[in-house]
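Enquirer: Structure incoming, see below.
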Amino acid sequence: MNNLSGKWALVTGASAGLGEQFALQLAEMGASLVLVARRKERLDKLAQSLREQYKVEVVVLAQDLSKHGAPANLFAATEGSGKPITVLINNAGLGVHKTFLDQTSHQLQEQIHVNILALTELTHLFGGAMSQRKEGYILNVASVAAFMPIPGYATYAATKAYVLSLSDAVAHELAEQGVHVSCLCPGATATEFMDVAGHQLQDWQKKFLMASDECVRVGLDGLFAGSRTTVAGWMNKMVTQSLRLLPRRAVVASSAKIMA
Numbered sequence: 008m009n010n011l012s013g014k015w016a017l018v019t020g021a022s023a024g025l026g027e028q029f030a031l032q033l034a035e036m037g038a039s040l041v042l043v044a045r046r047k048e049r050l051d052k053l054a055q056s057l058r059e060q061y062k063v064e065v066v067v068l069a070q071d072l073s074k075h076g077a078p079a080n081l082f083a084a085t086e087g088s089g090k091p092i093t094v095l096i097n098n099a100g101l102g103v104h105k106t107f108l109d110q111t112s113h114q115l116q117e118q119i120h121v122n123i124l125a126l127t128e129l130t131h132l133f134g135g136a137m138s139q140r141k142e143g144y145i146l147n148v149a150s151v152a153a154f155m156p157i158p159g160y161a162t163y164a165a166t167k168a169y170v171l172s173l174s175d176a177v178a179h180e181l182a183e184q185g186v187h188v189s190c191l192c193p194g195a196t197a198t199e200f201m202d203v204a205g206h207q208l209q210d211w212q213k214k215f216l217m218a219s220d221e222c223v224r225v226g227l228d229g230l231f232a233g234s235r236t237t238v239a240g241w242m243n244k245m246v247t248q249s250l251r252l253l254p255r256r257a258v259v260a261s262s263a264k265i266m267a
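Sequential numbering from 8 applies to the sequence shown in the numbering used here.
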């Protein structure tokens with residue numbers, strides 16, 4: 008689907024990184040946009056830029072998806088206000104780079120709330136509306152971490168494994184109802200994620216960062232082509248395939264070294 012003129016797309020985590028790129032590329036396709044994130048100032052700046060450059064309608068909804076009720080608020084502000092969402096990009100997510108016991112209870116709960124609970128409720132709410140219209144696209148952003156436990160990112164990796172599993176199952180359930188569900192699994196990408204997570208990359212690791220615009224392009228291509236799972240980048244594809252051949256303990260040990 009290269010022409011989204013007249014359609015509404017909602018992007019969570021839209022204030023930076025992959026979310027900002029999703030907004031740009033969807034606007035380029037002609038979509039009207041609902042931008043969601045906590046940082047309203049950034050959203051307002053992006054919205055104005057999109058309006059000027061692509062002449063599309065853009066709505067800013069500042070919401071903290073770690074808070075109870077945020078998904079329902081977004082649904083009411085869109086589907087309940089004459090803005091039926093055709094494309095849902097569940098991009099918002101967060102991670103913390105610390106050992107499991109060194110993380111606070113709040114950090115653990117926040118990752119689970121944003122990465123799992125909010126994504127699940129948004130998929131459920133908007134997926135239901137899309138199924139009634141027999142039209143819709145949902146892209147859930149996971150990670151290559153979905154394929155392996157990662158010491159130092161134990162909770163984050165576990166939440167992304169959930170996202171991948173949920174997406175596969177819901178894609179099967181909604182396929183006959185005209186709703187396409189896809190899961191994008193990026194590897195390390197040139198965004199602010201690592202900085203926010205408290206992870207200082209080494210120079211050799213930085214060389215393998217994928218450009219955010221390329222990652223998003225791959226994800227959207229997969230979504231509109233009907234792919235249920237898209238791993239971004241040839242190296243990441245090789246890694247995820249090879250993991251199936253290794254003993255589980257070896258996978259954990261390797262991921263611990265790579266992500267140290």
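Even glycine gets a Cβ: it sits at the ideal position worked out from N, Cα and C.
Consult DSSP for Asn97 and reduce its assignment to one of helix, strand or coil.
Expert: Looking at Asn97 - three-state DSSP - the assignment turns out to be strand.
Enquirer: Are the Cβ atoms of Leu25 and Ser219 separated by less than 9 angstroms?
Expert: For Leu25 and Ser219, yes; Cβs fall inside 9 angstroms.
Enquirer: Just curious, the alpha helix (DSSP H) that Tyr163 is in, first and last residue?
Expert: Element bounds for Tyr163: Ala161 to Leu181.
Enquirer: Spell out the partners DSSP gives Val258 in its beta bridges.
Expert: Its beta-bridge partners do not exist; DSSP assigns none.
Enquirer: DSSP has Ile145 in a bridge; who is on the other side?
Expert: According to DSSP, which records beta bridges pairwise, Ile145 is partnered with Leu95 and Val188.
Enquirer: Taking the C-alpha atoms as reference points, what is the distance between Pro158 and Lys167?
Expert: So the two alpha carbons sit approximately 14 angstroms from each other.
Enquirer: From the DSSP output, in three-state form, read off Met266 for me.
Expert: The answer is coil: DSSP assigns Met266 none of H, G, I, E or B.
Enquirer: For the stretch 28-69, which segments carrying the beta strand (DSSP E) assignment without a break, of at least 3 residues, lie completely within its bounds, in sequence order?
Expert: List check, beta strand (DSSP E) in window: 39-44 and 65-69.
Enquirer: So, helix, strand or coil for Val103, using DSSP?
Expert: It is coil, neither helix nor strand.
Enquirer: Alpha carbon to alpha carbon, what distance is there between Val246 and Ser262?
Expert: For Ser262 and Val246, the distance between alpha carbons rounds to 11 angstroms.
Enquirer: Buried or exposed, going by whether 16 or more other CB atoms sit within 10 Å of the CB of Gly100?
Expert: When all chains shown are included, Gly100 counts as buried.
Enquirer: Which residues share a DSSP beta bridge with Thr236?
Expert: Note: Thr236 sits in a beta bridge opposite Cys190.
Enquirer: Hey, out of Ser12, Leu68 and Gln139, whose CA is closest to Glu183's CA?
Expert: When only C-alpha atoms are compared, the closest one is Gln139.
Enquirer: Count the C-beta pairs between the stretch 54-61 and the stretch 92-110 that are closer than 8 angstroms, then say yes if the count reaches three, no if not.
Expert: Output reads no: the stretch 92-110 does not touch the stretch 54-61.
Enquirer: Give the C-beta separation of Ala239 and Met266 to the nearest angstrom, bearing in mind that I take them to be a contact with Cβ-Cβ under 8 angstroms.
Expert: Their Cβ separation, rounded to whole angstroms, is 17 angstroms, which puts Ala239 and Met266 out of contact at 8 angstroms.
Enquirer: Just to confirm my understanding: we take Gly229, look at its own chain, exclude 5 residues before and 5 after, and list those with CB closer than 6 angstroms. What are they?
Expert: So the qualifying residues of the chain are Ser189 and Thr237.
Enquirer: Is any beta-carbon of chain C found at less than 9 angstroms from that of Ala232?
Expert: Here there is only one protein chain, and chain C is not present.
Enquirer: Here's the rule I'm using: 16 or more other beta-carbon atoms within 10 Å means buried, otherwise exposed. How should Lys14 be labelled?
Expert: The residue is buried, with at least 16 neighbouring Cβ atoms inside 10 Å.
Enquirer: If I measure Cβ to Cβ from Val151 and keep anything under 8 angstroms in the same chain, skipping five residues before and after, which residues do I get?
Expert: Excluding positions up to five away in sequence, the list reads Cys192, Pro193, Gly194, Val238, Asn243, Val246 and Thr247.
Enquirer: Rounded to the nearest angstrom, what separates Glu142 and Ala260 at their Cα positions?
Expert: For Glu142 and Ala260, the distance between alpha carbons rounds to 43 angstroms.
Enquirer: Tell me which residue opens and which closes the alpha helix (DSSP H) that Ala79 is part of.
Expert: Ala77 to Thr85 is the extent of the alpha helix (DSSP H) around Ala79.
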